[in-house]
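Undergrad: Protein chains in written order, with the working numbering: chain A, 3 to 290; chain B, 3 to 290.
Ideal Cβ positions, reconstructed from N, Cα and C, are used throughout, including at glycine.
Number of protein chains: 2
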Amino acid sequence: MRLDAECYPCMMAQAFRAARLSGLETGALERTMRSTASILGGVDPSLSPPEAAVLFYEHIKEVSGVEDPFLHLKRESNHKALELLPRLRAEVDSHPDALFYALRAAVAGNIIDFGAQAEPGDLEENLGSVLNTEPFVDHSALLRRDLQKASRALLICDNAGEIAADRLLCEVILREFPLLDLTVAVRGGPAINDALLEDAEAVGLDEVCKVITTGLAMAGVKVASCSPLFRDHFHTADLILAKGQGNFETLEGRDEHIFLLFQVKCACVSDYLGAAKGQAVIWSRRAG
Amino acid sequence: MRLDAECYPCMMAQAFRAARLSGLETGALERTMRSTASILGGVDPSLSPPEAAVLFYEHIKEVSGVEDPFLHLKRESNHKALELLPRLRAEVDSHPDALFYALRAAVAGNIIDFGAQAEPGDLEENLGSVLNTEPFVDHSALLRRDLQKASRALLICDNAGEIAADRLLCEVILREFPLLDLTVAVRGGPAINDALLEDAEAVGLDEVCKVITTGLAMAGVKVASCSPLFRDHFHTADLILAKGQGNFETLEGRDEHIFLLFQVKCACVSDYLGAAKGQAVIWSRRAG
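Encoded structure:
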């Protein structure tokens, strides 16, 4: 998915939040917004939103010297989600369809996003609505069938905090499909509040399955630029699960067997899909 | 008031709304957002927000060929406000302090703004809260005293629709101070949904007092660039009333005896004043 007109105000708003979170103030903050505008003025419009975002997030990093402005918020999100995990796990265990519940919980976790939203949503509050509302698209029957047939699968995570719900999903998948070789990928470097190795470890995801990184500090996956290890997993997986809008925006056009799980958070993706903001999506191109 | 860091995302959002309202779609819309980003990247940061906004509003006008994208919305706002006017007038007439009521109604009308807000507020809904809430600053006692002493006064309007409430204010001022030479100024050309001569006539303001224009298609007043007629009125007025944030942003630092009447609509002005968003302001620098 390439840049949309409406991405520009959103990117400027993201830049403002990141720059302020990086400690820039008044004069430096204004200058950084102006240079961000220049960067966006010269952006290649065929880039996907996460690719374009790298340009100004890197710029803000250079100007401020702050490598990971969302570090504190990510840790807070992990902490909060971890507190919720035992209850989620109990719900999953008592649910007649554990995979159904775990998938919905993983989509609900996608609300913990500091990118497209000024304020991240609350997983607990969001969970009820995601569990009780029919997703805009729900290809989970196909997902279930294909998990049965798959030997190797790859889950590409999105945000910190959300990754605790991803852990639960991995637990359930491995319980139901114990022969599956499941690998989880997080970002290779700071990208908004996206989960890194540290976050995977914080929620104990590394105790459940192998965790690798994309090799990129980008809130999405540009496969050709990813690490050889990631590309190997990506290309040999029978099935890929990818969480969040950033992964949707960078992967939706690809031919691999990818299931995209996210909540619609902006007008662009909403218009692109015809879904309403807030709607859950469990979508595979192959199902269409 | 010069550009603030937070003006940039707001200006991009304004540009998007104006470009879309001007009929630009997909490719042209994306290109226009990109060129707007370039314009903002090269903007002189000492400009006030309304001065900076002229740069991209003019650009969108050139690209789209649409002179006044808010024309329809302005007419709709006038129509709606005019329907409310008889009731407002009855309230004023039955109120123990007509000037108090008319001033508050005029500030409440300032909610009809398509610039800083994605959606304009509703005058009727807003009126109750403005009448019942103490303004953040209220220099109306000084205003009343100085109206008594003034020979010539100038009211600089802000938005269409709102201008119906301004008419009521003019009626009350002229009833209470019948010897006052009161002139009203509207914008000299399209600037967001700001009132033009057509709007002043639509609400019959020209039947109440003399109406002139600033000579500028700008959502604020850059005095040195205004028409000689406007400048003459501006410099010879004993007292100036100026409505709205755009007038505040361009006039707040000046030495003339100006009362600024508006509702705080954005984080920049909110931070600048220490007022909360939505709070009413009836402020004169001289009162401090």
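Does Gly255(A) get closer than 8 Å to chain B when you measure Cβ to Cβ?
TA: As a first step, residue 255(A) must be located in the first sequence, where it is residue number 253. Gly255(A) does not count as touching chain B.
Undergrad: Using DSSP with H/G/I as helix, E/B as strand and the rest coil, what is Leu26(A)?
TA: As a position in the first sequence, residue 26(A) is number 24, starting the count at 1. Of the three classes helix, strand and coil, the one that applies to Leu26(A) here is coil, per DSSP.
Undergrad: Closer than 9 Å by beta-carbon distance: list the chain B residues that pair up with Val45(A), in chain order.
TA: Numbered from 1 along the first sequence, position 43 holds the residue referred to as residue 45(A). The answer, in chain order, is Arg36, Ala39.
Undergrad: Tell me whether the beta-carbon of Val94(B) lies closer than 8 Å to the beta-carbon of Tyr103(B).
TA: In the second sequence, residue 94(B) corresponds to position 92, counting from 1. In the second sequence, residue 103(B) corresponds to position 101, counting from 1. Taking 8 Å as the Cβ cut-off, Val94(B) and Tyr103(B) qualify as a contacting pair.
Undergrad: Determine which residues share a DSSP beta bridge with Ile114(A) and list them.
TA: For the purposes of this step, residue 114(A) is taken as residue 112 along the first sequence, with counting starting at 1. Paired residue(s): none; Ile114(A) is not in a bridge.
Undergrad: Which residues in chain A sit within 7 Å of Pro11(B), going by Cβ to Cβ distance?
TA: Taking the first residue of the second sequence as 1, we reach residue 11(B) at position 9. The contacting residues are Pro11, Met14, Ala15, Phe18.
Undergrad: Write down the C-beta distance between Ala20(A) and Pro71(A) rounded to the nearest angstrom, noting that I regard them as a contact closer than 8 Å.
TA: Indexing the first sequence from 1 puts residue 20(A) at position 18. Indexing the first sequence from 1 puts residue 71(A) at position 69. 6 Å between Cβ atoms; contact.
Undergrad: Grouping DSSP H, G and I as helix and E and B as strand, with all else coil, what is Lys82(A)?
TA: Here residue 82(A) is taken as the residue at index 80 of the first sequence, counted from 1. Residue state, collapsed to three classes: helix.
Undergrad: Residues in its own chain within less than 6 Å of Ala100(A) by CB, not counting five upstream and five downstream?
TA: As a position in the first sequence, residue 100(A) is number 98, starting the count at 1. Val94, Val174, listed in sequence order.
Undergrad: Is there at least one Cβ from chain B nearer than 8 Å to Leu57(A)'s Cβ?
TA: As a first step, residue 57(A) is located in the first sequence; it is residue number 55 there, counting from the start. No, its Cβ sits nowhere closer than 8 Å to a Cβ of chain B.
Undergrad: Which same chain residues end up closer than 7 Å to Lys63(B) when comparing Cβ atoms and leaving out the 5 residues on each side of it in sequence?
TA: Locating residue 63(B) in the second sequence gives position 61, counting from the first residue. Contacts found: Glu69.
Undergrad: Name the two residues that bound the continuous alpha helix (DSSP H) containing Ser142(B).
TA: Position 140 of the second sequence, counted from the start, is the residue given in the question as residue 142(B). 142-151 is the extent of the alpha helix (DSSP H) around Ser142(B).
Undergrad: I need the boundaries of the beta strand (DSSP E) containing Phe264(A), first residue and last residue.
TA: For this step, residue 264(A) is matched to residue 262 along the first sequence. Per DSSP, Phe264(A) belongs to the beta strand (DSSP E) from 260-265.
Undergrad: Can you name, in chain order, every residue of its own chain whose Cβ lies under 6 Å from the Cβ of Pro122(B), other than the five neighbours on each side?
TA: Taking the second sequence and counting its residues from 1, one reaches residue 122(B) at position 120. Excluding residues within five positions, the ones whose Cβ falls inside 6 Å are Ile114, Asp115, Phe116.
Undergrad: Using a Cβ-Cβ cutoff of less than 7 Å, which residues in the same chain neighbour Lys224(B) once the five nearest sequence positions on both sides are dropped?
TA: Start at 1 with the first residue of the second sequence, and residue 224(B) comes out as number 222. Contacts found: Glu53, Leu218, Thr252.
Undergrad: So, is the C-beta of Glu8(A) closer than 8 Å to a C-beta in chain B?
TA: Indexing the first sequence from 1 puts residue 8(A) at position 6. True, the Cβ-Cβ gap to chain B drops below 8 Å.
Undergrad: Say whether chain B places a C-beta atom closer than 8 Å to the C-beta of Leu262(A).
TA: Sequence index remark: in the first sequence, residue 262(A) carries index 260 (1-based). Answer no: the Cβ-Cβ gap between Leu262(A) and chain B never drops below 8 Å.
Undergrad: If I measure Cβ to Cβ from Glu8(B) and keep anything under 6 Å in the same chain, skipping five residues before and after, which residues do I get?
TA: Within the second sequence, the letter at position 6 stands for residue 8(B). Answer for Glu8(B): Ala269, Cys270, listed in chain order.
Undergrad: State yes or no: is the beta carbon of Glu258(A) nearer than 8 Å to at least one beta carbon in chain B?
TA: For the purposes of this step, residue 258(A) is taken as residue 256 along the first sequence, with counting starting at 1. It does not; no Cβ of chain B falls within 8 Å.
Undergrad: Touch check for the stretch 151-162 of chain A and the stretch 238-248 of chain A: three-plus C-beta pairs under 8 Å?
TA: Yes: at least three Cβ pairs fall under 8 Å.
Undergrad: Is it right to say Ala226(B) is buried, meaning 16 or more other beta carbons lie within 10 angstroms of its own, or is it exposed?
TA: As a working note, residue 226(B) is residue 224 in the second sequence. Looking at its Cβ environment, which holds fewer than 16 other Cβ atoms inside 10 Å, Ala226(B) is exposed.
Undergrad: Which residue marks the beginning of the beta strand (DSSP E) containing Ile295(A), and which one marks its end?
TA: Examination of residue 295(A) is not possible in this model, given that chain A is present from 3 through 290 alone.
Undergrad: Over the uninterrupted beta strand (DSSP E) stretch that includes Ile214(B), give me the two end residues.
TA: Within the second sequence, the letter at position 212 stands for residue 214(B). Per DSSP, Ile214(B) belongs to the beta strand (DSSP E) from 212-215.
Undergrad: Is there contact here, the stretch 255-268 of chain B with the stretch 280-288 of chain B, by at least three beta-carbon pairs under 8 Å?
TA: Yes, the stretch 255-268 of chain B touches the stretch 280-288 of chain B.
Undergrad: Return the bridge partner residues of Val188(A) from the DSSP annotation.
TA: Your numbering for residue 188(A) matches position 186 in the first sequence. Val188(A) pairs with Thr215(A).
Undergrad: Quick one: what does DSSP say Ala139(A) is sitting in, helix, strand or coil?
TA: Translated into the one-based positions of the first sequence, residue 139(A) becomes position 137. Note on identity: in this sequence residue 139(A) is Val, with Ala being the wrong assignment. Reduced to three states, the DSSP call for Val139(A) is strand.
Undergrad: Kindly indicate the opening and closing residues of the alpha helix (DSSP H) around Ala155(A).
TA: Position 153 of the first sequence, counted from the start, is the residue given in the question as residue 155(A). That residue, Ala155(A), is in no alpha helix (DSSP H); its beta strand (DSSP E) goes 154-158.
Undergrad: Would you check if there are 3 or more beta carbon pairs closer than 8 Å linking the stretch 193-204 of chain B to the stretch 128-144 of chain B?
TA: Short answer: they don't touch.
Undergrad: In whole angstroms, what is the alpha-carbon distance linking Arg77(B) and Val188(B)?
TA: Residue mapping note: residue 77(B) aligns to position 75 of the second sequence, counting from 1. Residue mapping note: residue 188(B) aligns to position 186 of the second sequence, counting from 1. In a straight line, the C-alpha of Arg77(B) is about 15 Å away from that of Val188(B).
Undergrad: What's the call for Ser96(A), buried or exposed, on a 16-neighbour Cβ count within 10 Å?
TA: Along the first sequence, one-based indexing puts residue 96(A) at 94. Under this definition Ser96(A) is an exposed residue.
Undergrad: Check whether the stretch 10-20 of chain A touches the stretch 35-49 of chain B, taking contact to mean three or more Cβ pairs, one atom from each stretch, closer than 8 Å.
TA: Touching, yes.
Undergrad: What number of angstroms, rounded off, separates the C-alpha of Lys279(B) from the C-alpha of His235(A)?
TA: For the purposes of this step, residue 279(B) is taken as residue 277 along the second sequence, with counting starting at 1. For the purposes of this step, residue 235(A) is taken as residue 233 along the first sequence, with counting starting at 1. Taking the straight line joining both Cα atoms gives about 50 Å.
Undergrad: Mind checking Ser48(A): buried by the 16 CB within 10 Å criterion, or exposed?
TA: Position 46 of the first sequence, counted from the start, is the residue given in the question as residue 48(A). With fewer than 16 Cβ atoms within 10 Å of its Cβ, Ser48(A) is classed as exposed.
Undergrad: Which class does Ala193(B) belong to by DSSP, given the choice of helix, strand or coil?
TA: Within the second sequence, the letter at position 191 stands for residue 193(B). Coil.
Undergrad: Give me, in chain order, the residues of the same chain whose beta-carbon lies closer than 7 Å to that of Arg233(B); leave out the 5 immediate sequence neighbours on both sides.
TA: For the purposes of this step, residue 233(B) is taken as the residue at position 231 of the second sequence. These residues qualify, in order along the chain: Val225.
Undergrad: What does the alpha-carbon distance come out to for the pair Ala83(A) and Leu144(B)?
TA: Numbered from its first residue, the first sequence carries residue 83(A) at position 81. Numbered from its first residue, the second sequence carries residue 144(B) at position 142. Answer to the nearest angstrom: the Cα atoms are 55 Å apart.
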